[in-house]
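Each remark here refers to the structure printed beneath this line.
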Amino acid sequence: MPGERVLSRDPTDMRKVSQKRVRQDAPVLCQASDFAYHKTHTSLQTCTARLQLHVYLNQAASGYSKIYPAFQDVNVMVIFGFGFLLAYLKRYGFSSIGFNILAAVLGVQWTVFLERFLFPDKREKHLPSILTASMSVVAVLISAGAVLGKANPFQLICMAMVEMTAFCASRWTNVYILEIEEHVSLMHVHIFGTFFGLMVSWWLTQASLRRETGKEDSDVTSDLFSVLGTLFLWMFWPSFNSVLVDGVVKKRNAIHNTYYAIAVSAVIAFALSALTNKNGKLQMTHIHGATLAGGVALGFSAHIIHSPWIAMVLGFLAGVIAVLGPYFVKMCLNSAVKMYDTCDIPCMFGMPGLLGAIAYVILFVIYNWNNLPAGYPALIEVGSLSITILVAVIAGFITGILLKLNICKAPPVSKFFDDQVYWEFPHLAVGF
Amino acid sequence: MPSSSFSTNMRLKFSVLAIVLEVILIALFGIFVRYKEVNIYLLGEDQTVHIELYPFFQDVHVMIFVGFGFLMTFLKKYGFTSVGINMLIAAVGLQWGTLMQGFWHMKRGEIHVTVKSMINADFSTATVLISFGALLGKTSPVQMMILAILEITLFSCNEYLVVDVLKATDTGASMTIHAFGAYFGLAVARVLYRPGLKKGHENEGSSYHSDMFAMIGTLFLWLFWPSFNSAIAAPGDPQYRAIVNTYFSLAACTVTAFAFSSLTEHRGKFDMVHIQNATLAGGVAVGSCADLGIQSFGAMLIGFVAAIISVIGFKFLTPFFASYLKIQDTCGVHNLHGLPGLLGGIASIIAAAVKVEHAPFHPVSPGMQAAALGCTLGIALIGGAFAGLILNLPFLGQAPDQNCYNDSVYWEVPEETKQLVEMPSEQDTQRFNINM
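Quick mapping for you: the protein sequence lines, in order, are chains A and B.
The first sequence begins at 88 in our numbering and counts up by one.
The second sequence begins at 632 in our numbering and counts up by one.
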């Protein structure tokens, strides 16, 4: 296991070592008390209790039935959460949800196929493999959000294939060459998806979209659908951040930290949304983005943080970045670089992800301060982050060129953000 | 439109309150809250972090945020506030609830949180969300944040009194959450009575779409109610009984709610309000005795009665409350949470009196159940009236009567555009389709 090799780097793993000791001790204890059963009934009870405890401490890390509830949550996030999150355009709901599930299931199958070759440890374990594939495919969904309304299904399928290949390659590098924990390597999806999506979006919208057609707005119903998706992502974020973490204590930390961090980032999103509006009114787009930022920011470090207030401070910062970020980023991206991004992907996923990665490195150094040198592993974390970004940018750039080829039949600008191009509207054929 | 440009300008009030509150919460968490350390060489009940309850927690979480949030979207112009402020209240409330409930169970000056405390924190927010239902459309976000702080404080005191002092059984929290939240909300609504809305308001009603959104909430509440009632039950038989009892009670309740909805309407049509709310009354009512051995027929009987009183409450009691008692109960929480909560308390008294099977080491007595019900009602009504007086302060960003039940006072609501700039012709679309 790639995860096992890096055990000694993390002090919390001492617990894991002691758990292993119990595992070896337990059968011996049991035999001893079997022998003494007729004399003292209580020692058997003690032994049973200890065995139960030992089983309890290990159960979260092993066994399909223990992963399954969290796997369900991740599945709901990927298919339902992301689909409805992107359904906020008033004339693009069918495509947002429909193409989301199309890209997600294709991406999952392709990733499971690739992982059989790249990660041979998991060859016989289907559920964990599907789980990591479902989490990897989040990168595609984030990129799909960046090109929302501007790509046809054929382009999305191409993008999903190329992106998943690139992400698996970068993850393989991170896990096998740099020996990053598998859980942490998967948390790079947010950053990878953002940079990839931005590059593709840059190619697809270079010359265009200076005229407002009124199709890129939301209405009340579509905004409510989008909140439905946001809420499901928000609620299940603790599962996403904890499902791959080994060991009860670390898993528990990951759950608690994410839970408190997203609560804080939600409150901050509401507060800053009112503060940045001249009438003091709340804006739904802020609520969509900033509530999620806390979960993204906690992805890297959720399992190593020991006290809730650190997680809450991170959630606070993520909320601030996600609300105030668009004001600065939009200025740069839209006017200077002419990169047009409908749904604030960089502020929803990219910048909180970077914040989380930086916080992870800092916390890592702090927690390992006493057993230095911590510099080397910390540099490796920075290196893996750079590799992820580099691969994402290069792959996204190439994919963008591919998608501009004539064979893809990219939709013209006048057909952006419009369901009618791709779907039958029998009831609304006239006048819609 | 004058109403869409109107705002109470809560730019500074709201954001300063929220940020200051959040900083205080982070500081309090830094001082008091610790993750529980597990020492695997010590044995006993204390050594668990309850991670096996995580699936239950997720279900409860869905109920709080999606269930309660979308259940309240039935007003035609109030969807954003229903879902959004619901989320805000719950996010603030779960942090405050962790602290308040933790203060009653401190060890060495520290609060040790487990997955079970996360479930309990979510529960404590449910009381505020129920009260929010009674006040929906008439309060500002600033008022709701203050209400969340006050109500959760009182809730945790009442819960400590019921569970730890009186040792009453209330697994699914019919009394401590549902009845408490409903009567607290009604008391606040009485103090905040708006005479200007006596004849109703043009936006106080549903549209076809908003009713569909409300059904999303109903369905998620319905689906996960067995988890809600069993999440903090003792593991083993009591938890299993709680799941099964709730399941059957909800099923019986739903059928009865449909029947009585049709029966009380003079042309025999269903009323969507009943379907959205009365179908859930069974889950509320069975809460108190969910983990007792009341058998499936007992649970179904409770669900049956709950549906009847809930439908009848919507039909006759809500209009009576509005006109005679001066309580404007927007969502009808009295019929969904108040009356079924009372029924749950009474059912638990009866169950204790006939000595049904109970959780090990936790006997139930009719006297203590009755005392729990009484003190819950008392604290809720008095506390609600007190909270109402505080919320009546004039500078909390209240909307005037004519702007009630309207999102645009507190939200940037997208304009309803009738005409798009560019109308694609049929021919144009077809040519493009062939290309693709």
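Glycine residues also receive a C-beta, built at the ideal position from the N, C-alpha and C atoms.
Keep in mind the model is a prediction, meaning the values are calculated, not measured.
Beta-carbon contacts of residue i that lie in its chain and below 7 Å, excluding the five residues immediately before and after
{"i": "residue 369(A)", "result": "357, 360, 361"}
{"i": "residue 470(A)", "result": "265"}
{"i": "residue 248(A)", "result": "197"}
{"i": "residue 780(B)", "result": "727"}
Which residues DSSP lists as bridging residue i, in chain order
{"i": "residue 743(B)", "result": "665(B)"}
{"i": "residue 1042(B)", "result": "369(A)"}
{"i": "residue 738(B)", "result": "741(B)"}
6 Å Cβ shell around residue i - same chain, five flanking residues per side excluded
{"i": "residue 400(A)", "result": "none"}
{"i": "residue 874(B)", "result": "857, 861"}
{"i": "residue 157(A)", "result": "326, 330"}
{"i": "residue 749(B)", "result": "688"}
{"i": "residue 253(A)", "result": "478, 482"}
{"i": "residue 190(A)", "result": "227, 231, 243, 247"}
{"i": "residue 115(A)", "result": "Only weak support is given to the placement of residue 115(A): the predicted model assigns it a pLDDT of 36, under 50, and the value that follows is read from those uncertain coordinates. Hits under 6 Å: none found."}
Helix, strand or coil at residue i according to DSSP, with G and I counted as helix
{"i": "residue 1034(B)", "result": "helix"}
{"i": "residue 884(B)", "result": "helix"}
{"i": "residue 334(A)", "result": "coil"}
{"i": "residue 799(B)", "result": "coil"}
{"i": "residue 156(A)", "result": "helix"}
{"i": "residue 878(B)", "result": "helix"}
{"i": "residue 962(B)", "result": "coil"}
{"i": "residue 392(A)", "result": "coil"}
{"i": "residue 174(A)", "result": "coil"}
{"i": "residue 639(B)", "result": "coil"}
{"i": "residue 825(B)", "result": "coil"}
{"i": "residue 1000(B)", "result": "helix"}
{"i": "residue 123(A)", "result": "Since pLDDT at residue 123(A) reaches only 37, below the 50 mark, its modelled position is unreliable, and the value read off the structure follows with that caveat. Of the three classes helix, strand and coil, the one that applies to residue 123(A) here is coil, per DSSP."}
{"i": "residue 1090(B)", "result": "In the structure as shown, chain B begins at 632 and stops at 1067. Residue 1090(B) is therefore absent and cannot be evaluated."}
{"i": "residue 863(B)", "result": "coil"}
{"i": "residue 926(B)", "result": "helix"}
{"i": "residue 653(B)", "result": "helix"}
{"i": "residue 226(A)", "result": "helix"}
{"i": "residue 898(B)", "result": "coil"}
{"i": "residue 455(A)", "result": "coil"}
{"i": "residue 575(B)", "result": "The structure shown has nothing for residue 575(B), since chain B only spans 632 to 1067."}
{"i": "residue 196(A)", "result": "helix"}
{"i": "residue 510(A)", "result": "coil"}
{"i": "residue 732(B)", "result": "helix"}
{"i": "residue 434(A)", "result": "helix"}
{"i": "residue 908(B)", "result": "helix"}
{"i": "residue 679(B)", "result": "coil"}
{"i": "residue 804(B)", "result": "coil"}
Own chain, CB closer than 8 Å to residue i, minus 5 neighbours either side, in chain order
{"i": "residue 155(A)", "result": "214"}
{"i": "residue 691(B)", "result": "750, 753, 754, 855, 858, 859, 862"}
{"i": "residue 68(A)", "result": "The structure shown does not extend to residue 68(A), since chain A is modelled only from 88 to 519, so the question has no answer here."}
{"i": "residue 187(A)", "result": "166, 169, 170, 173, 228, 231"}
* To do: Tell me, please, whether the region 378-390 of chain A touches the region 431-446 of chain A by the rule of three or more beta-carbon pairs shorter than 8 Å.
  => Judged by Cβ distances under 8 Å, the region 378-390 of chain A makes contact with the region 431-446 of chain A, as three or more pairs qualify.
* Check whether the region 726-739 of chain B touches the region 695-703 of chain B, taking contact to mean three or more Cβ pairs, one atom from each stretch, closer than 8 Å. => Three or more beta-carbon pairs separated by less than 8 Å are not found between the region 726-739 of chain B and the region 695-703 of chain B, which leaves the two stretches without contact.
* **Residues from the region 715-731 of chain B in contact with chain A, defined by Cβ distance under 7 Å** => 715, 718, 719, 722, 723, 725, 726
* Cβ pair count under 8 Å reaching 3, the region 975-983 of chain B against the region 899-919 of chain B -> yes
* Interface residues of the region 156-187 of chain A facing chain B [CB-CB below 7 Å] -> 156, 160
* **Touch test, the region 954-968 of chain B against the region 764-772 of chain B, Cβ-Cβ under 8 Å, three pairs minimum** => Three or more beta-carbon pairs drawn from the region 954-968 of chain B and the region 764-772 of chain B are found closer than 8 Å, and the two stretches are therefore classed as touching.
* Going along the region 362-392 of chain A in order, which residues come within less than 8 Å of chain B, judged by CB to CB distance? -> 362, 364, 365, 366, 367, 368, 369, 370, 371, 374, 378
* Pair every Cβ in the region 939-957 of chain B with every Cβ in the region 734-744 of chain B, then say whether three or more of these pairs are closer than 8 Å. => no
* Asked: Taking a cut of 9 Å between CB atoms, which residues from the region 1026-1044 of chain B lie near chain C?
  -> Among the protein chains of the structure shown, namely A and B, there is no chain C.
* Name, going along the chain, the residues of the region 920-944 of chain B whose beta-carbon falls closer than 8 Å to a beta-carbon of chain A. => none
* Asked: Any contact of the region 1024-1042 of chain B with the region 799-813 of chain B, i.e. 3+ C-beta pairs under 8 Å?
  -> For the pair of segments examined, the region 1024-1042 of chain B was found not to touch the region 799-813 of chain B: the number of CB pairs separated by less than 8 Å stays below three.
* Check whether the region 1012-1021 of chain B touches the region 814-823 of chain B, taking contact to mean three or more Cβ pairs, one atom from each stretch, closer than 8 Å. => yes
* Relative to chain B, which residues along the region 323-340 of chain A have a C-beta separation below 9 Å, given in chain order? -> 323, 325, 326, 329, 335, 336, 338, 339, 340
* Taking Cβ-Cβ distances below 7 Å as the criterion, which residues of the region 648-671 of chain B are in contact with chain A? -> 649, 650, 653, 657, 660, 661, 664, 665, 666, 669, 671
* To do: Give, in chain order, every residue of the region 826-848 of chain B whose Cβ lies closer than 8 Å to some Cβ of chain A.
  => Going along the region 826-848 of chain B in chain order, one finds 840, 844, 847 with a Cβ nearer than 8 Å to chain A.
* Give a yes or no on contact between the region 646-658 of chain B and the region 370-381 of chain A, applying the rule of three or more CB pairs nearer than 8 Å. => Under the three-pair Cβ rule at 8 Å, the region 646-658 of chain B does not count as touching the region 370-381 of chain A.
* To do: Would you check if there are 3 or more beta carbon pairs closer than 8 Å linking the region 835-848 of chain B to the region 988-1003 of chain B?
  => no
* Asked: Taking contact to mean at least 3 C-beta pairs separated by less than 8 Å, is the region 867-882 of chain B in contact with the region 714-726 of chain B?
  -> no
* Give the residues from the region 473-501 of chain A that approach chain B closer than 8 Å (Cβ to any Cβ), ordered along the chain. => Only those residues of the region 473-501 of chain A whose C-beta falls short of 8 Å from the nearest C-beta of chain B are listed: 496, 498, 499, 501.
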